[in-house]
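Numbering of the sequence shown is given in my numbering, commencing with residue 49 and proceeding in unit increments.
Where a beta carbon is used, it is the ideal one built from N, C-alpha and C, also for glycine.
Keep in mind that this is a model prediction, so the values were computed, not measured.
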Amino acid sequence: MEIASDYVVYVDESGDHSLTLIDQLYPVFVLVFCIFKKVDYANIVSPLFKHLKLKFFGHDLTILHTREIRKSRNEFSILLNENTRLGFFSHLNQIMEEIPLTIVASVVDKQELKENGSGLSNPYHLALGFCLEKTMMFFREEEQGNRKTFVIVEARGKEEDRQLKSVFQSVVDGENSLGIKMPMQIRFANKQTNVIGLQIADLIAHPIGRHLMNSSQSNRSYEILKKKLWKWPNEEMAIKIHPEKRKTSVTTEVLTPTGHSQSIYP
């Protein structure tokens, strides 16, 4: 009988993985693994976000989604009120600072990938392999390397999920740079299941992408998150960037109408 890990992992991405049409305003694909101790997730993380939702929406059915939050759309239209917006982001900032969490991240520069002759590679599959390897190294440090851990991924479609599961299985079965088997199992969850771990991963991916595109631009949300990156403060080890030719090929500066840097937690 396999021994269960003390951890659970939630995965989400920012950007799309297409190499055919690359958005020059956001030409990167970011994948993040959010690693939680199960006891912390159940007793600290989930209650904090439940309280946030109850406070601002009156129920806990709201699904936190980066794009809708940033644009104040749908349920997040309440953020069009300046006082509500400031209160919401202040509360969210506090939670993101407080929650016990380890982040493993990979960023794929799609334009660079396409130009260097690897245009047939799938950015999602590349990033997945990198994140799995780094997560396994983290588990070995935590003496969890021989324990079964579930990796929860958002379902995207029958065929995409099938392909992703195949790549995942290949990596954990030994096709990785470590040359070892990884006792991890993938599980898919529909976004509407309201899994807070997936929502946290969604909130984290975009600021990391923005930072890598333009590290000189003010990015308060990244300042909150960076301390939770595994191997921080060595950013070169904390975030796997591919291709490795240069840290990022993009210096596009995206500003809000007020001139402030665009991030999730203003």
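Am I right that residue 55 and residue 92 are in contact with their C-beta atoms under 8 Å? What's the rounded C-beta distance?
Numbered from its first residue, the sequence shown carries residue 55 at position 7. Numbered from its first residue, the sequence shown carries residue 92 at position 44. Residue 55 to residue 92, Cβ: 14 Å. No contact.
Note to self: Once the 5 residues before and after residue 220 are set aside, which same chain residues still bring their CB inside 7 Å of it?
What the structure shows: As a position in the sequence shown, residue 220 is number 172, starting the count at 1. 180, 229, 230, 232.
**Study point:** Residues near residue 308 by beta carbon distance below 6 Å, same chain, minus five either side
**Key:** If you number the sequence shown from 1, residue 308 lands on position 260. Per-residue confidence for residue 308 stands at a pLDDT of 37, beneath the threshold of 50, marking its modelled position as unreliable; the derived number appears in the next sentence. Result list for residue 308: empty, nothing under 6 Å.
What residues in its chain sit with their C-beta under 8 Å from that of residue 238, if we drop five residues either side in the sequence? The residue labelled residue 238 in the question sits at position 190 within the sequence shown. 202, 203.
- request: Consult DSSP for residue 60 and reduce its assignment to one of helix, strand or coil.
  value: Working through the sequence shown from its first residue, we reach residue 60 at position 12. It is a strand residue.
May I have a chain-ordered list of the alpha helix (DSSP H) segments no shorter than 4 residues that lie completely inside the segment 197-237? Taken in chain order, the complete alpha helix (DSSP H) segments of 4 residues or longer contained in the segment 197-237 are 206-220.
Worksheet item: With 16 as the cutoff for other CB atoms within 10 Å, does residue 89 come out buried or exposed?
Response: Reading the sequence shown from its first residue, position 41 is the one you call residue 89. Answer is buried; the Cβ neighbour count reaches 16.
- Between 250, 136, 163, 266, which lies nearest to residue 62 when the distance is taken from Cα to Cα? Numbered from its first residue, the sequence shown carries residue 62 at position 14. For residue 62, the nearest C-alpha among the options comes from 250.
task = Measure the CB-CB distance between residue 175 and residue 290 and report whether it falls below 9 Å.
result = Your numbering for residue 175 matches position 127 in the sequence shown. Your numbering for residue 290 matches position 242 in the sequence shown. Cβ atoms of residue 175 and residue 290: closer than 9 Å.
*Just checking, does the segment 267-280 make contact with the segment 139-147 on the three C-beta pairs under 8 Å criterion?*
Result yes; three or more Cβ-Cβ pairs closer than 8 Å.
(message) Check for me: the alpha helix (DSSP H) holding residue 94 runs from which residue to which?
(response) For the purposes of this step, residue 94 is taken as residue 46 along the sequence shown, with counting starting at 1. Unbroken alpha helix (DSSP H) run through residue 94: 94-105.
In three-state terms, what does DSSP make of residue 89?
Counting from 1 along the sequence shown, the entry for residue 89 is found at position 41. If DSSP states are grouped into helix, strand and coil, residue 89 belongs with the helices.
Measure the beta-carbon distance from residue 97 to residue 244 and round it to whole angstroms, keeping in mind my assumption that it falls under 8 Å. Position 49 of the sequence shown, counted from the start, is the residue given in the question as residue 97. Position 196 of the sequence shown, counted from the start, is the residue given in the question as residue 244. The pair is a contact, with the Cβ atoms about 5 Å apart (cut-off 8 Å).
Exercise for the section: Name, in chain order, the residues that DSSP records as bridge partners for residue 287. Expected result: Walking along the sequence shown from the start, residue 287 turns up at place 239. 153, per the DSSP bridge assignment.
Alpha carbon to alpha carbon, how far is residue 125 from residue 116?
The residue given as residue 125 occupies position 77 in the sequence shown. The residue given as residue 116 occupies position 68 in the sequence shown. Approximately 9 Å between the Cα atoms of the pair.
- Task: Mark residue 334 as exposed unless 16 or more other C-beta atoms lie within 10 angstroms of its C-beta, in which case mark it buried.
- Result: This structure cannot settle anything about residue 334, because the visible part of the chain is limited to 49 through 314.
- request: Note the first and the last residue of the continuous alpha helix (DSSP H) segment covering residue 255.
  value: Stepping through the sequence shown from its first residue, residue 255 is reached at position 207. From DSSP, the alpha helix (DSSP H) with residue 255 extends over 244-261.
Do residue 65 and residue 182 have their CB atoms nearer than 9 Å? What you label residue 65 is simply residue 17 of the sequence shown in a count that begins at 1. What you label residue 182 is simply residue 134 of the sequence shown in a count that begins at 1. For residue 65 and residue 182, no; Cβs fall outside 9 Å.
| task | Compute the beta-carbon to beta-carbon distance between residue 200 and residue 80, rounded to the nearest angstrom, for a pair I have assumed lies under 8 Å. | result | The sequence position of residue 200 within the sequence shown is 152, counting from 1. The sequence position of residue 80 within the sequence shown is 32, counting from 1. No, residue 200 and residue 80 are not in contact; Cβ-Cβ is about 12 Å, not under 8 Å.
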